[in-house]
């Protein structure tokens with residue numbers, strides 16, 4: 046079940062799975078809302094922020110490694126989508142151009158929106174690789190919450 050939490054820093058280990066930079070996490074950890082998925086213990090969680098009156102963004106979506114590929118990420122996205130349906134028009138997420146994350150979000154109903162060139166080069170102090178792919182651009186995907 047999706048549960049809102051206030052003590053976000055107790056879940057830093059979880060947030061660091063999706064974003065390995067503590068400095069970047071500090072930019073959004075106290076904004077918006079944080080949710081965890083509890084089902085016989087914490088499986089994963091996310092932070093969502095209002096980017097405008099009609100756009101909600103998932104800033105960090107993570108599932109503990111031992112629970113990955115079991116549907117928890119999809120459950121979190123579905124629960125967030127349901128919770129905010131009708132309150133926001135768009136749910137968006139930014140991610141690296143990775144062969145793992147892009148197909149996952151597409152399967153969750155997101156569609157390509159735009160990209161920020163050199164985001165990972167300009168905002169991280171080290172190179173980041175995901176499944177052998179160097180992350181360079183931030184890819185934004187969007188999902189309509191009004192349907």
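In the numbering used here, the protein residues as written are 46 to 192. We put the beta carbon where it would ideally sit given N, CA and C, even for glycine.
{"Asked": "As assigned by DSSP and simplified to three states, the class of residue 120", "Found": "helix"}
{"Asked": "Neighbour-count burial assignment, residue 79, 16 or more Cβ in a 10 Å radius", "Found": "buried"}
{"Asked": "Through-space distance from residue 156 to residue 145, alpha-carbon basis", "Found": "15 Å"}
{"Asked": "Start and end residues, beta strand (DSSP E) containing residue 79", "Found": "78 to 83"}
{"Asked": "Touch test, the region 103 to 114 against the region 156 to 165, Cβ-Cβ under 8 Å, three pairs minimum", "Found": "no"}
{"Asked": "Counted within 10 angstroms of its Cβ, other Cβ atoms place residue 85 as buried (16 or more) or exposed", "Found": "exposed"}
{"Asked": "Own chain, CB closer than 7 Å to residue 76, minus 5 neighbours either side, in chain order", "Found": "94"}
{"Asked": "N- and C-terminal bounds of the alpha helix (DSSP H) containing residue 150", "Found": "146 to 152"}
{"Asked": "Inter-residue spacing [alpha-carbon to alpha-carbon] between residue 124 and residue 143", "Found": "24 Å"}
{"Asked": "Stretch pair the region 118 to 133 + the region 179 to 186: three plus CB contacts closer than 8 Å", "Found": "no"}
{"Asked": "Straight-line Cα distance separating residue 60 from residue 102", "Found": "15 Å"}
{"Asked": "Selection from 65, 68 and 74 that minimises the alpha carbon distance to residue 55", "Found": "74"}
{"Asked": "Own chain residues within Cβ distance below 6 Å of residue 162, not counting five before or after", "Found": "182"}
{"Asked": "Residue 188 burial status per 10 Å Cβ neighbour count (16 or more: buried)", "Found": "buried"}
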